[in-house]
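Take the sequence shown: its letters are residues 26 to 224, numbered as in the numbering used here. Beta carbons are placed, not taken as given, at the ideal position from N, Cα and C, and that holds for glycine.
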Amino acid sequence: MYYNLGIDIDGVLTDEGTAENNIWQRKMNEYFSRDIKLGKYTYNLAEAYGLSEAELNDFLKNKLFEVYQQVNSAPGARETLSELAEQGHKLFLITARHENFRDLTEDWLEQHQIPYHELHHQHDKAPLVLQKNISLFVDDKKENAINIAAENIPVILVSKYHNSDFKGNQIITKVDNWEQIKENIDLFLSKNTPTSKLS
Ligand SMILES: [Mg+2]
């Protein structure tokens, strides 16, 4: 049995670095020429790094392109997705990145040899996950995980500073890396694949 599997890009396929040392912080330090540190564990970058909304908008306008272009891919992502695609599963990448970054994103995916079948730019992911009949989703944003799980679709949530206040539940499993993502996808597939019964 083949499944439609959903995967987020930023923080899942990309390796942004650690809470203490990551590409966002490095680019902000460069851009503002001052020491910017993570001060608050939240998904909102302005709050997290103590910037004003105007500063953040200015930074994103000038540096977001560079961040998306230069960010590394997460170790193990390519191998795991290649294996899943070879097994016949369909891979749906759903990102909140603006459509303006589509060409850049396609180039990045090609450069990092990450296989996929469809790429969607969508901020509110749960309705699209339902529409595309996706059976399992991998994300790093807690709010996405909760909204998708509310539709009874299991979620693998990649641990990040901004979701450290959430421990997961029966349907949302927290993981640290692609090794654990793979383990959990394999577990999902083994549980959900009808075994042939010998009679
Ligand atoms: Mg993300």
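Compute the distance between the beta-carbons of residue i and residue j, then report whether it is under 7 Å.
{"i": "D196", "j": "P179", "result": "The sequence given here has Ile at residue 196, not Asp. Yes, they are a contact pair."}
{"i": "L70", "j": "A44", "result": "no"}
{"i": "K185", "j": "D165", "result": "yes"}
{"i": "Y56", "j": "K86", "result": "no"}
{"i": "N29", "j": "K115", "result": "yes"}
{"i": "I181", "j": "V154", "result": "no"}
{"i": "L161", "j": "F117", "result": "no"}
{"i": "V258", "j": "V183", "result": "What is shown of the chain runs 26 to 224, which leaves residue 258 out entirely."}
{"i": "G31", "j": "I159", "result": "yes"}
Mind checking residue i: buried by the 16 CB within 10 Å criterion, or exposed?
{"i": "Q156", "result": "exposed"}
{"i": "Q50", "result": "buried"}
{"i": "E41", "result": "buried"}
{"i": "M53", "result": "buried"}
{"i": "N172", "result": "buried"}
{"i": "Y27", "result": "exposed"}
{"i": "N97", "result": "exposed"}
{"i": "A73", "result": "buried"}
{"i": "K199", "result": "buried"}
{"i": "A175", "result": "exposed"}
Quick one: what's residue i bridged to in DSSP?
{"i": "H145", "result": "I119"}
{"i": "F198", "result": "In the sequence as displayed, the identity of residue 198 is Thr instead of Phe. Answer is I181."}
{"i": "L161", "result": "L30"}
{"i": "T67", "result": "Bridge partners of T67: none, in fact."}
{"i": "S98", "result": "T39"}
{"i": "N209", "result": "Bridge partners of N209: none, in fact."}
{"i": "N47", "result": "G42"}
I want to see whether chain D comes within less than 7 Å of residue i, judged by CB atoms only; does it?
{"i": "L161", "result": "Structure shown: chain D not included; a single protein chain is present."}
### Task
May I ask you to verify whether the region 88 to 105 touches the region 128 to 137, counting CB pairs closer than 8 Å and requiring at least 3?
yes
### Task
State whether the region 118 to 130 contacts the region 75 to 82, with contact taken as three or more CB pairs (one from each stretch) at a distance under 8 Å.
no
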